[in-house]
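Asks: In the numbering used here, the protein residues as written are -9 to 137.
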Amino acid sequence: MYSEKVMDHFQNPRNVGEIENAAGVGTVGNAKCGDIMRIYLDIDENQIIRDVKFKTFGCGAAVATSSMATEMVKGKSIQEAMQITNKAVAEALDGLPPVKMHCSLLAEEAIHAALWDYAEKNHITIEGLKKPKSDIHEGEEDESEEY
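Printed below as a string of structure tokens:
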């Protein structure tokens, strides 16, 4: 069901923890399954991600995607980090079961949320960055419920 890489990142997650006074912190959840992911970024004066940590409450795939996503952004510029997609995270883990693809979306959204926080704190605009959702299913509600 899970690849060896997913199992490795679940059992031996990289970059777990918090960064005190982080340059950017992003928290994203998935109300449907209960996963919550928080990513902390330490960004230097050249807009390079010097360090990254995460805390995730969720299933093994959520932990593994958090771990892989932090590995993928460390040492990258904020523009390079913007290019990391949920598909890239899933591919780096040698795939995820279809029912767990939302975990890689959480990782992508948490990175974007942390970058948004960084941009807000520094009064800058990051090209292509949109205001993050607190829940990955935000805006997907059945419109008939509003009546």
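Heads up, the beta-carbon is just placed ideally off N, CA and C, and yes, glycines get one too. These figures come from a predicted structure and were not determined experimentally.
In the structure shown, what three-state DSSP assignment does Y137 receive?
Replies: The predicted model places Y137 with a pLDDT of 35, which falls under 50 and marks its position as unreliable, so this point remains unresolved.
Asks: If we define contact as Cβ-Cβ less than 8 Å, is I74 a contact residue for chain C?
Replies: Of the protein chains in this structure there is only one, and it is not chain C.
Asks: Which runs of the alpha helix (DSSP H) at least 4 residues long sit entirely within the region 37 to 64? Give them in chain order.
Replies: Correct list: 50 to 63.
Asks: Taking Cβ positions, are A80 and F0 nearer each other than 8 Å?
Replies: It is not a contact, given that the beta carbons lie outside the stated cut-off.
Asks: Can T17 and R4 be called in contact, C-beta distance under 8 Å?
Replies: For T17 and R4, no; Cβs fall outside 8 Å.
Asks: Tell me whether N20 sits in a helix, a strand or coil according to DSSP, three-state version.
Replies: N20 falls in the strand class under three-state DSSP.
Asks: Give me the Cβ distance between E99 and K43, rounded to the nearest whole Å; I'm assuming they're in contact under 8 Å.
Replies: At roughly 17 Å, the Cβ-Cβ gap does not stay under 8 Å, so E99 and K43 are not in contact.
Asks: Leaving out five residues on either side along the sequence, give the residues of the same chain with a beta carbon under 6 Å from the beta carbon of Y30.
Replies: So the list reads E8, I9, A12, V15 and K43, once near-sequence residues are dropped.
Asks: Where does S67 fall in DSSP's three states?
Replies: Note: S67 maps to strand in three-state DSSP.
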